[in-house]
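Novice:
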């Protein structure tokens with residue numbers, strides 16, 4: 227018998243298509259949690275320059291993420307969806323960015339420097355993929371494309387807070403963990419999962435496979451985002467560094 231959609235979506239009780247996406251992405255999802263950037267972030271031992279590199283790239287990423295949500299509004303007449311997309315943009319522009327800027331200020335990186343900074347090749351690949359999806363796909367495509375960021379952060383934040391609870395008080399990255407560990411942040415994923423589950427009910431198996439592939443690809447981009455930050459890697463090969471600015 228097919229699993230029915232739970233009345234309330236929780237971290238351990240997912241609707242059927244969400245379970246399918248999560249299972250498909252499991253290898254890279256779990257390896258992503260075990261990678262050095264995330265584990266050292268949780269332990270409070272992550273090199274400050276690596277965290278600063280990540281924060282700067284994430285600030286640039288969030289600008290594109292906000293644009294994807296704006297484009298989603300053009301794909302629907304559903305007022306609930308339109309309102310939610312607007313609320314996400316507001317949170318990106320006024321909540322998450324304030325966290326990043328506080329951190330960046332401690333490294334002498336001003337808002338102007340960040341906004342005029344250069345995306346790494348890996349961050350640019352991620353945002354280009356999302357924006358392409360937003361322009362060419364429908365609302366369901368967009369919902370699936372933005373889900374990895376929301377869901378992975380909610381999962382990793384909650385797990386880091388639990389796995390490194392003993393040292394969290396003195397962790398210099400505690401503010402980051404505190405933000406993403408909350409049930410409030412998890413509810414963003416819940417909303418997306420519920421919307422996707424409702425809309426995927428009316429599509430065929432080939433379409434579902436494409437959506438699963440899109441989700442897994444997004445989780446892979448999340449992995450590479452942190453992996454490249456750990457190496458402070460701007461481009462595919464070190465000798466190509468700075469070629470675009472010449």
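Residue numbers (the numbering used here): 227 to 472. Virtual Cβ for every residue (Gly too), placed ideally from N, Cα, C. Computed from a predicted model, the values in this text were never measured in an experiment.
(1) Closest to residue 243 by C-alpha separation, out of 437, 320 and 463, would be which residue?
(2) When DSSP labels each residue in this structure, what does residue 342 get in the three-state scheme?
(3) Does the stretch 392–400 come within contact of the stretch 335–355, defined as at least 3 CB pairs closer than 8 Å?
(4) Since residue 452 contacts residue 261 with CB under 8 Å, what's their CB separation in whole angstroms?
(5) So, are the CB atoms of residue 251 and residue 426 less than 7 Å apart?
(6) Check each candidate in 418, 388, 355 and 433 and name the one with the smallest Cα separation from residue 241.
(7) Ordered along the chain, which non-local residues of its own chain (more than five positions away) have a Cβ less than 6 Å from that of residue 254?
(8) Return the first residue and the last residue of the alpha helix (DSSP H) that residue 289 is part of.
(9) Go ahead and pull the three-state DSSP assignment for residue 228.
(10) Would you give the residue range spanned by the alpha helix (DSSP H) that residue 403 belongs to?
(11) Decide if the stretch 376–384 is in contact with the stretch 426–435; the criterion is three or more beta carbon pairs, one per stretch, under 8 Å apart.
(12) In terms of alpha-carbon separation, which member of 359, 390, 291 and 462 lies closest to residue 439?
(13) Consult DSSP for residue 485 and reduce its assignment to one of helix, strand or coil.
(14) Counting pairs of Cβ atoms below 8 Å between the stretch 340–354 and the stretch 282–292, do you hit three or more?
(15) Indicate whether residue 369 and residue 318 have their beta-carbon atoms separated by less than 7 Å.
(16) Rounded to whole angstroms, what's the CA-CA distance from residue 352 to residue 258? Just pull it up for me.
Specialist: Let me spell this out:
(1) The residue given as residue 243 occupies position 17 in the chain shown. Closest option to residue 243, Cα to Cα, is 437.
(2) Here residue 342 corresponds to residue number 116 of the chain shown, with the count starting at 1. Residue 342 falls in the coil class under three-state DSSP.
(3) no
(4) As a working mapping, residue 452 is identified with position 226 in the chain shown. As a working mapping, residue 261 is identified with position 35 in the chain shown. About 6 Å; that satisfies the 8 Å criterion.
(5) Position 25 of the chain shown, counting from 1, holds the residue named residue 251. Position 200 of the chain shown, counting from 1, holds the residue named residue 426. Not closer than 7 Å, so no.
(6) In the chain shown, the residue the question calls residue 241 occupies position 15. Residue 241 has its Cα closest to that of 418, out of 418, 388, 355 and 433.
(7) Reading the chain shown from its first residue, position 28 is the one you call residue 254. So the list reads 445, 446 and 449, once near-sequence residues are dropped.
(8) Residue 289 sits at position 63 when you count from the first residue of the chain shown. Unbroken alpha helix (DSSP H) run through residue 289: 274–299.
(9) Taking the first residue of the chain shown as 1, we reach residue 228 at position 2. Per-residue confidence for residue 228 stands at a pLDDT of 41, beneath the threshold of 50, marking its modelled position as unreliable; the derived number appears in the next sentence. Three-state DSSP puts residue 228 in coil, outside helix and strand.
(10) As a first step, residue 403 is located in the chain shown; it is residue number 177 there, counting from the start. Its alpha helix (DSSP H) spans residues 400–406.
(11) no
(12) What you label residue 439 is simply residue 213 of the chain shown in a count that begins at 1. Checked all of 359, 390, 291 and 462; the closest Cα to residue 439 is 359.
(13) Summary: the structure shown does not reach residue 485, with the chain confined to residues 227 through 472, and so no result is reported for it.
(14) yes
(15) As a working mapping, residue 369 is identified with position 143 in the chain shown. As a working mapping, residue 318 is identified with position 92 in the chain shown. For residue 369 and residue 318, no; Cβs fall outside 7 Å.
(16) Along the chain shown, one-based indexing puts residue 352 at 126. Along the chain shown, one-based indexing puts residue 258 at 32. Approximately 16 Å, taken between the alpha carbons.
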